[in-house]
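J.:
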Amino acid sequence: NAGVTQTPKFRILKIGQSMTLQCAQDMNHNYMYWYRQDPGMGLKLIYYSVGAGITDKGEVPNGYNVSRSTTEDFPLRLELAAPSQTSVYFCASSLVGRGSNQPQHFGDGTRLSIL
Amino acid sequence: GQNIDQPTEMTATEGAIVQINCTYQTSGFNGLFWYQQHAGEAPTFLSYNVLDGLEEKGRFSSFLSRSKGYSYLLLKELQMKDSASYLCAVRDRGANNLFFGTGTRLTVIP
């Protein structure tokens, strides 16, 4: 049981390049999330999904896209990388959702630098 | 909207007790979580409160007062490995989304 797996762990991009951050969970969780964490700041929600085929915007969705074709996978896409997207990205998942005491489980993060 | 406040940094001595406070103002409340995050690592779940009162889990306890918009995390018998950031997160009533504070960086000294 690997939990939440993120790849890659590190990446350097040039301005204007695109890339996909991968996230997979093997806990059969229905909810999945993408956060970014800037130095000295709290986690900010980018996008979330309540199940396969359903996604919605969080606090800071601009410049990102997501898809959820399966329960297990929730990739995050950066289409035109900008320096402001330099951050650590965390994927998380949780079971059930609303009204539940089930916590979110986090992956180890992807450290992304845009130069 | 959501507004969550925590102290930025705290220092405490090994073996002592430390209390990390969190105040929040939210448009809807459906539970409060505490997470621990060591430098360069992922957040890990510590505790959950949805009703007023104290939840105890070994050396860690968490308290909630919904009327005051206030929570604290209490760490007893501090160990060097407790040096980490502690994140307070409030769950919105409308969904399962969490809103995080900026975190409190705790340094435990010998």
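Read top to bottom, the protein sequences are chains A and B.
For the first sequence, position 76 matches number 76 in the numbering used here, and the numbering has no gaps at all.
Positions in the second sequence are counted from 1; adding 115 to them yields the numbering used here.
Each residue gets a CB set at the ideal place from its N, CA and C atoms; glycine is no exception.
1) Which residues bound the beta strand (DSSP E) around A:Met32?
2) Can you list, in chain order, the residues of its chain with a C-beta nearer than 8 Å to that of A:Lys9? Leave out the 5 residues immediately preceding and following it.
3) What ranges does the beta strand (DSSP E) occupy inside the segment 137–166 of chain B, keeping only unbroken runs of at least 3 residues that lie completely in it?
4) Have a look at B:Gly146 and A:Gln17 and give me their C-alpha separation to the nearest angstrom.
5) On the three-pair Cβ rule with 8 Å, is the segment 30–38 of chain A touching the segment 82–96 of chain A?
6) Which word fits B:Ser162, buried or exposed, when buried means at least 16 other C-beta atoms lie within 10 angstroms of its C-beta?
7) Could you pull out every residue in the same chain whose Cβ sits closer than 7 Å to the Cβ of B:Gly184, ignoring the five residues on either side in sequence?
8) How is A:Met27 classed by DSSP in three states: helix, strand or coil?
9) Select from the segment 4–29 of chain A all residues with a C-beta closer than 7 Å to any C-beta belonging to chain B, and list them in chain order.
10) If I measure Cβ to Cβ from A:Leu116 and keep anything under 6 Å in the same chain, skipping five residues before and after, which residues do I get?
11) At the level of alpha carbons, what is the spacing between B:Ala127 and B:Lys196?
T.: In terms of the structure at hand:
1) Tyr31 to Gln37
2) Asp108, Gly109, Thr110 and Arg111
3) 147–152 and 159–164
4) 39 Å
5) yes
6) By the neighbour-count rule (16 or more Cβ atoms within 10 Å), B:Ser162 is buried.
7) Same-chain partners within the cutoff: Thr138, Tyr139 and Gln140.
8) In the structure shown, A:Met27 sits in coil (DSSP, three-state: anything other than H, G, I, E or B).
9) none
10) The shown model of chain A, from 1 to 115, leaves out residue 116 of chain A, and the question about it has no answer.
11) 12 Å
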